[in-house]
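One structure below.
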Amino acid sequence: MADHVISQPDAGPLALSDRPVGPVAAKVLVSEVARHPGPKTVLVIGAGAGDAVVDRLLAVLMPGDHAIVVADGPADELLAAAATLAGRVSVRKDLPTDVSELPGPVDVAVIARPVLHPTVVDRVRPLLATDGVLAVATDATGGDPLTGVVDDHAVRTDRVFRSVPPLRVHQLRFAPATPHLAARLDPAVVPSHVAVTKRMGIDSNGVAFGGLVAGVALLTKVVRPRSKAWLVPAALAVPVAAFFRDPRRIVPDDPRAVVSSADGKVLAVERLTDHRFGPDEWLRISVFLSVLDVHVNRSPVAGRVVSVLREEGGYANAMTAAAEHNVACYTVLETVHGRVVVAQRSGLIARRIVNRAKVGALLAKGERYGLIRFGSRTDIYLPATAAEPLVSPGERVVGGETVLAHWLAD
Numbered sequence: 001m002a003d004h005v006i007s008q009p010d011a012g013p014l015a016l017s018d019r020p021v022g023p024v025a026a027k028v029l030v031s032e033v034a035r036h037p038g039p040k041t042v043l044v045i046g047a048g049a050g051d052a053v054v055d056r057l058l059a060v061l062m063p064g065d066h067a068i069v070v071a072d073g074p075a076d077e078l079l080a081a082a083a084t085l086a087g088r089v090s091v092r093k094d095l096p097t098d099v100s101e102l103p104g105p106v107d108v109a110v111i112a113r114p115v116l117h118p119t120v121v122d123r124v125r126p127l128l129a130t131d132g133v134l135a136v137a138t139d140a141t142g143g144d145p146l147t148g149v150v151d152d153h154a155v156r157t158d159r160v161f162r163s164v165p166p167l168r169v170h171q172l173r174f175a176p177a178t179p180h181l182a183a184r185l186d187p188a189v190v191p192s193h194v195a196v197t198k199r200m201g202i203d204s205n206g207v208a209f210g211g212l213v214a215g216v217a218l219l220t221k222v223v224r225p226r227s228k229a230w231l232v233p234a235a236l237a238v239p240v241a242a243f244f245r246d247p248r249r250i251v252p253d254d255p256r257a258v259v260s261s262a263d264g265k266v267l268a269v270e271r272l273t274d275h276r277f278g279p280d281e282w283l284r285i286s287v288f289l290s291v292l293d294v295h296v297n298r299s300p301v302a303g304r305v306v307s308v309l310r311e312e313g314g315y316a317n318a319m320t321a322a323a324e325h326n327v328a329c330y331t332v333l334e335t336v337h338g339r340v341v342v343a344q345r346s347g348l349i350a351r352r353i354v355n356r357a358k359v360g361a362l363l364a365k366g367e368r369y370g371l372i373r374f375g376s377r378t379d380i381y382l383p384a385t386a387a388e389p390l391v392s393p394g395e396r397v398v399g400g401e402t403v404l405a406h407w408l409a410d
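Numbering-wise (our numbering), the sequence shown opens with residue 1 and increments by one.
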C-alpha cells in the first residue's frame with residue numbers, strides 16, 4: 001500500500017492507504033456519526049468522490065449536523081455532492097491545523113482510508129471535542145501500526161472480514177465521555193451481527209461454528225463418498241448456527257426503563273450487598289437462559305464502561321445456588337442514575353463467555369455487547385434505592401425489550 005498525500009501547511013503528508021474501504025467497513029467507520037443524535041460536527045479525512053464512506057456519511061447526517069470533508073484528490077465531485085445538503089457539508093483540500101478553522105470542536109472524526117502511521121492520529125486529536133471520538137481503520141492482515149494508540153485509547157475494535165483486505169476498525173477516545181452522552185446514543189452498528197433478513201441476524205460466532213460443521217460434512221463426503229456419515233454434521237450445521245441467532249429488537253424509548261440483558265426466565269429478584277461493587281445495597285435481577293434461548297447479551301441501560309472483571313470458577317447448573325461461584329464476567333457501567341453491573345455467568349454446559357465491551361466505551365440501552373455459549377445466566381445489579389423491579393420469578397423476558405425495572409427518578 002502506498003502513502004496518500006493530503007496537504008497540511010508545514011506538516012507534510014498524511015500516511016494513508018491508497019485503497020478506499022468497502023461499504024461494510026464504511027458502515028462501521030461511520031457508525032458513531034449515525035448513532036450520535038446531534039447537532040454535531042463531523043470531520044471526514046481522506047475521502048474521494050464515490051467513496052463508500054462519503055455515501056454513508058451523506059445518508060446518515062441529520063438536520064443541524066455539519067460535516068467537513070478533507071478531500072483526497074480533486075474536490076469538484078465532492079462539492080457537487082455536498083451542494084445537495086444545503087450547506088451542511090463543506091469540502092476542503094487541507095486538514096485544519098486548529099479548531100479555530102472549524103465551526104467548533106469535532107464530535108466525530110472519521111479517517112476514510114486505512115491508516116499507515118500513528119502520526120495521522122496525532123494530527124487529528126487536537127481537533128476533537130472532550131467527548132469526541134475518532135474512527136480509524138487499519139489492515140488486519142499484518143501488524144497494527146496503531147498498536148500503542150489502540151492499547152491506550154481504543155474503546156471499541158471491530159474486525160471487518162467482509163472487506164478486501166480485512167480491516168480492523170478502532171474507535172478512539174482520548175478523554176472519558178460522560179454517561180449523559182451514552183443516554184442520548186442509539187445502539188452501535190457492529191459487524192458481529194450478520195443480517196440474514198430485516199428482522200433476523202446471526203452472530204459472527206454462529207457463522208464460524210456453522211461453517212466449521214458444514215466443512216466437516218463436506219470433508220466426510222469427500223473422504224467417504226459412499227457413506228452417509230456426512231449427513232450427521234450436515235444436519236447439525238443449521239441448528240448450531242441457529243443457536244447464535246441475533247433477532248432485531250425494539251428498545252423502549254422510556255428513559256426510566258431498565259431492559260433485560262438476555263432472553264430467558266427470571267430466576268430471582270432480590271436485595272443484597274456485594275462489596276466488590278461498593279458498600280450500598282443492590283437490587284439484583286437474575287435471568288436463566290436455556291439452550292434454546294437467544295444468547296446474545298445486550299446492555300440493560302445506557303452508560304460508560306468503567307470496568308470489566310473476569311472471575312474463575314466452576315460450571316454448576318445456572319439455575320442452582322452453586323452458580324454464584326461459576327466462571328463469570330462483570331461489566332460495570334457508570335450511568336446517570338449511578339453504577340450498574342451486568343454479570344454474564346457460565347452454566348452447566350456453557351464454556352465460553354464472549355464480552356466485547358471495552359473500558360471507556362459508551363453503550364446505548366439495548367446495545368449488543370457479548371454472548372454466552374451454550375446455557376447460562378445473566379444478573380443485573382441496580383442501586384437498590386434508585387430502582388423498582390417490575391418482574392417476578394418465573395416470568396419470561398426478552399433481551400433488549402422487556403422492562404425489568406424502572407428508575408425511581410429521571
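Every residue gets a Cβ at the ideal spot worked out from N, C-alpha and C, and that includes glycine.
Start and end residues, beta strand (DSSP E) containing residue i
i: Leu-219; result: Unbroken run through Leu-219 is the alpha helix (DSSP H), 204-223; no beta strand (DSSP E).
i: Ala-257; result: 257-259
i: Arg-181; result: It is worth fixing the name first, because residue 181 is Leu in this sequence and not Arg. Note, Leu-181: premise wrong, no beta strand (DSSP E); alpha helix (DSSP H) at 179-182.
i: Ala-405; result: 403-407
i: Val-305; result: 303-311
i: Thr-273; result: 264-273
i: Pro-247; result: 245-247
i: Ser-90; result: 89-92
i: Thr-331; result: 328-335
i: Ile-68; result: 66-71
i: Ser-192; result: Premise fails: Ser-192 is in no beta strand (DSSP E) and is neither H nor E.
i: Trp-282; result: 281-289
Range of the contiguous alpha helix (DSSP H) that encloses residue i
i: Asp-119; result: Correcting the residue type first, residue 119 is Thr in the shown sequence and not Asp. Looking at the DSSP string, the run of the alpha helix (DSSP H) that includes Thr-119 is 119-124.
i: Gly-148; result: 147-153
i: Leu-57; result: 52-60
Cβ neighbours of residue i in the same chain (closer than 6 Å, five flanking residues each side left out)
i: Gly-264; result: Val-287, Phe-288, Leu-289 and Asp-293
i: Val-258; result: Pro-300, Val-301, Leu-404 and Ala-405
i: Phe-209; result: Val-240
i: Leu-43; result: Ile-68, Val-106 and Ala-109
i: Ala-361; result: Val-155, Arg-156 and Val-305
i: Gly-148; result: none
Backbone secondary structure at residue i - three-state DSSP
i: Asp-139; result: strand
i: Gly-46; result: strand
i: Thr-320; result: coil
i: Ala-387; result: strand
i: Glu-32; result: helix
i: Pro-166; result: coil
i: Ala-235; result: helix
i: Ser-419; result: What is shown of the chain runs 1 to 410, which leaves residue 419 out entirely.
i: Val-160; result: strand
i: Ala-11; result: The predicted position of Ala-11 is uncertain, since its pLDDT is 44 and thus under 50; no value can be drawn from it.
i: Ala-109; result: strand
Buried or exposed by the 16-neighbour rule on C-beta atoms within 10 Å, applied to residue i
i: Gly-104; result: exposed
i: Arg-377; result: buried
i: Lys-198; result: exposed
i: Phe-409; result: Inspection of the sequence shows that residue 409 is occupied by Ala rather than by Phe. Counting Cβ neighbours within 10 Å, Ala-409 comes out exposed, since fewer than 16 surround it.
i: Asp-10; result: Reliability of the predicted coordinates at Asp-10 is poor, the pLDDT of 41 falling under 50, and the value obtained from them is presented with this limitation in mind. Exposed.
i: Asp-139; result: buried
i: Ile-250; result: exposed
i: His-36; result: buried
i: Asp-151; result: exposed
i: Leu-219; result: exposed
Nonlocal neighbours in the same chain, by C-beta distance under 7 Å from residue i, ignoring five residues either side
i: Arg-396; result: Lys-265
i: Val-96; result: Residue identity differs from the one stated: residue 96 is Pro in this sequence, not Val. Same-chain partners within the cutoff: Leu-102 and Leu-127.
i: Glu-367; result: Pro-187, Ala-188, Arg-298 and Ser-299
i: Val-461; result: With the chain running from 1 to 410 in the structure shown, residue 461 is simply not present.
Close beta carbons around residue i, own chain, < 8 Å, minus the five adjacent residues each side
i: His-117; result: Ala-15 and Pro-145
i: Gly-46; result: His-4, Ile-6, Leu-14, Leu-16, Val-70, Asp-72, Ile-111, Ala-112 and Arg-113
i: Leu-394; result: Before going on, a small fix: residue 394 reads as Gly here, not Leu. These residues qualify, in order along the chain: Lys-265 and Val-266.
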